[in-house]
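Structure record follows, encoded as structure tokens.
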Amino acid sequence: MTPLSPTDRAALLGIARASVLAHLGLTATPALPEAGPLAERRGAFVTLRVRGELRGCVGTFQPAGSLARTVAAMAVAAASEDPRFRAVAREEISELGLSVSAMGPIRRLLDRRSVRLGADGLIVKRGWHRGALLPRVAVEHRWDAEAFLRHACLKAGLPARAWEEPETEVEAFEAEEFGEEPAQ
1213 MTPLSPTDRA ALLGIARASV LAHLGLTATP ALPEAGPLAE RRGAFVTLRV
1263 RGELRGCVGT FQPAGSLART VAAMAVAAAS EDPRFRAVAR EEISELGLSV
1313 SAMGPIRRLL DRRSVRLGAD GLIVKRGWHR GALLPRVAVE HRWDAEAFLR
1363 HACLKAGLPA RAWEEPETEV EAFEAEEFGE EPAQ
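Here the sequence shown stands for residues 1213 to 1396, numbered as in the numbering used here.
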């Protein structure tokens, strides 16, 4: 996994914003790079905020294509398919802030208390239940490792202490997280 340069990060933020604008019929669909780090196959999450409040967050760990293509698709999905929110409207564009989380490799977390707050995101799985929290979530909420694990379990629809049970899989991942404020 190649670390993203400031130029790559700016390009991904531009792709995310342009994809939302194109989805709303305000611009043409952005051209996507076919070489370099943005052409690598990586998962991504896109988070949208209006006036600092969460407005949508959608992502995937298993991309169907390049990082650029995944960011474009997840930006549109965050704006229109997050079941927690109504679709983003044209009137909100001037107040829309966005962030991208470019996913790193996933690893099994054998010592579950060894989660690195602010560096690791969590995936909790058991049966059909699955929940994921990005690395920044623990920091934003000032959670310790156990609280982070409990909330990942709850997001998966499991009991809060399911992470302590051997049949529950706990995985960690790193993500390069970066964002921009609304375009004025």
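The C-beta atom is built at its ideal place from N, Cα and C for all residues, glycine as well.
Identify the continuous beta strand (DSSP E) that holds I1305 and give its terminal residues.
Segment: none, I1305 is in no beta strand (DSSP E) and carries neither H nor E.
To the nearest angstrom, report how far apart V1232 and V1288 are at their CA atoms.
Cα-Cα distance, rounded: 5 Å.
Name the two residues that bound the continuous alpha helix (DSSP H) containing L1352.
Sequence inspection shows Glu at residue 1352; the Leu mentioned does not correspond to that position. Start and end: P1347 to H1353.
So L1224 is in the alpha helix (DSSP H); what residue range does that whole segment cover?
First-last of the alpha helix (DSSP H) with L1224: P1218 to H1235.
From L1279 to G1268, what distance separates their C-alpha atoms?
The straight-line gap from Cα to Cα measures roughly 19 Å.
Within the continuous alpha helix (DSSP H) that includes T1282, where are the two ends?
Here the alpha helix (DSSP H) through T1282 covers L1279 to S1292.
Are A1284 and L1244 close, meaning C-beta to C-beta below 9 Å?
It is a contact, given that the beta carbons lie within the stated cut-off.
Spell out the partners DSSP gives T1272 in its beta bridges.
DSSP, once it has assigned bridges, lists A1256 as partnering T1272.
Please state the DSSP three-state secondary structure of P1317.
Reduced to three states, the DSSP call for P1317 is strand.
For the region 1300–1318 and the region 1381–1394, state whether three or more C-beta atom pairs, one from each stretch, are separated by less than 8 Å.
At 8 Å Cβ cutoff, the stretches touch.
Within the region 1352–1379, note down every full alpha helix (DSSP H) run reaching 4 residues or more, in order along the chain.
As far as the region 1352–1379 is concerned, its whole alpha helix (DSSP H) runs of at least 4 residues are 1357–1367.
So what does DSSP say about L1250, is it helix, strand or coil?
Three-state result, L1250: helix.
Buried or exposed, going by whether 16 or more other CB atoms sit within 10 Å of the CB of H1363?
So H1363 counts as buried.
Where does the unbroken beta strand (DSSP E) through E1383 begin, and where does it stop?
It spans E1381 to E1392 - the beta strand (DSSP E) in which E1383 sits, taken as one unbroken run.
Going by DSSP in three states, R1296 sits in which element: helix, strand or coil?
Three-state DSSP puts R1296 in coil, outside helix and strand.
Measure the alpha-carbon distance for I1305 versus E1377 and round it to whole angstroms.
C-alpha separation (whole angstroms): 44 Å.
When the distance is taken between beta carbons, is E1307 closer than 9 Å to P1218?
Their beta carbons are not under 9 Å apart, which means P1218 does not touch E1307 by this criterion.
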